[in-house]
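Numbering (the numbering used here), first residue to last: 407 to 671. Notes follow once the structure below has been shown.
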Amino acid sequence: MVAALAKALREQLGLTQEEVGKMTGYTASAISAMETCAQPASDAMLVALEKAIGGGLGLFEKARKLMLMEKYPPQFKDFALMEAEAVTLSSYQTYVIDGLFQTPAYARALIGGGFPQLQNGQVDELVEARIARRALFERTDPTPMVELILDEAALRRTIGSEDIQRDQLYALADDAERENVSLQVVRLNRGARGSHAGTRGDMVLVVTKEHEHVVYLEVEDESTLISDPVKVARLNHRYAKIRSQALSPDESVSFIRKLAGEERT
407 MVAALAKALR EQLGLTQEEV GKMTGYTASA ISAMETCAQP ASDAMLVALE
457 KAIGGGLGLF EKARKLMLME KYPPQFKDFA LMEAEAVTLS SYQTYVIDGL
507 FQTPAYARAL IGGGFPQLQN GQVDELVEAR IARRALFERT DPTPMVELIL
557 DEAALRRTIG SEDIQRDQLY ALADDAEREN VSLQVVRLNR GARGSHAGTR
607 GDMVLVVTKE HEHVVYLEVE DESTLISDPV KVARLNHRYA KIRSQALSPD
657 ESVSFIRKLA GEERT
């Protein structure tokens with residue numbers, strides 16, 4: 407639809423692909439690739455198209471959110487819009503930093519280093535889409551409550567390089583200072599105390615804009631969205647137990663900053 411609209415508006419204005427390219431800072435071949443869907447429009451291209459040929463209609467601006475959704479992996483697309491509109495988002499992650507909190511460098515290293523490996527263009531699109539999710543932090547109508555519980559292993563597992571991991575830890579601590587964010591850490595020795603409620607894996611609990619309660623689970627590129635009230639209640643109780651076994655928010659932020667400043671090997 408974006409490709410068809412861009413072509414129709416360009417032709418209505420009597421412009422060539424080369425002329426639109428000059429107006430937007432892209433080559434004629436890039437405009438052609440966008441119009442034929444050989445290479446979908448990037449977020450930056452949509453912004454440029456809105457200024458160049460949008461005619462004040464705001465169509466390309468409205469398309470930005472939907473185009474970003476299209477770039478998410480298949481298993482995440484159904485959940486992406488729900489996350490963006492969530493009233494409350496509570497995440498427990500054991501292996502890596504939650505995608506919502508990732509820096510561009512960390513996200514690129516994580517996505518680009520997976521298996522099977524992706525082409526650079528695919529990595530760029532996925533990183534762009536992941537970082538765009540951070541708009542949730544700035545939303546004000548209504549302001550969402552975002553809660554993250556991280557296993558200490560995710561903090562200590564180096565992704566990309568020591569510098570990338572260190573910068574990620576500092577960024578994580580900075581995000582935790584936001585008024586609508588709460589961050590807690592489950593220490594590695596939690597199980598030594600005889601009880602660890604988080605051994606069954608990751609989960610994301612959501613209160614939707616309609617105030618429905620759902621749980622999102624994802625493993626090995628497969629996802630499950632749970633809405634059955636009985637199952638959701640059981641997972642909510644487990645999440646609450648994990649939270650009770652974690653460090654306090656203040657202790658957690660101090661621990662992350664200390665870990666970031668340590669000499670890591």
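Don't be surprised by glycine CBs; every beta carbon is placed ideally from N, CA and C.
Inspect the beta-carbon positions of Val529 and Ile517 and report whether they are closer than 7 Å. yes
Inspect the beta-carbon positions of Ala409 and Glu441 and report whether they are closer than 7 Å. Going by C-beta atoms, Ala409 is nearer than 7 Å to Glu441.
Tyr622 bridges to which residues according to DSSP? Val610, Leu631
What residue does the alpha helix (DSSP H) around Gly569 start on, and which one ends it? Note that residue 569 corresponds to Asp in the displayed sequence, not to Gly. Here the alpha helix (DSSP H) through Asp569 covers 568–582.
Alpha carbon to alpha carbon, how far is Val592 from Arg644? Cα to Cα, the separation comes out at about 14 Å.
Simplified DSSP assignment, three categories, for Met400: Residue 400 cannot be examined here, being either before or after the span of the chain that is shown, 407 to 671.
In whole angstroms, give me the CA-to-CA distance for Leu474 and Glu534. 8 Å
Could you compute how far the alpha carbon of Ala577 sits from the alpha carbon of Phe507? 8 Å
Taking C-beta to C-beta, are Ala603 and Ile555 nearer than 7 Å? It is not a contact, given that the beta carbons lie outside the stated cut-off.
In the DSSP assignment, what are the bridge partners of Met551? Thr494
Touch check for the region 459–476 and the region 414–421: three-plus C-beta pairs under 8 Å? yes
By Cβ distance, which residues of its chain are closer than 7 Å to Gln523, with the 5 residues on each side in sequence left out? none
Under three-state DSSP, which class holds Gln651? coil
Use the C-beta contact count for Ala520: other C-beta atoms within 10 angstroms, 16 or more gives buried, fewer gives exposed. One point to set straight first is that residue 520 is Gly, not Ala, in the sequence displayed. By the 10 Å Cβ count, Gly520 comes out exposed.
Counting along the chain, where does the alpha helix (DSSP H) carrying Leu542 start and finish? DSSP places Leu542 in the uninterrupted alpha helix (DSSP H) bounded by 541–544.
Environment of Gln525 [buried if 16+ CB atoms lie within 10 Å]: exposed
Opposing strand residues paired with Asp557 [DSSP bridges]: Looking at the DSSP assignment, Asp557 forms a beta bridge with Val592.
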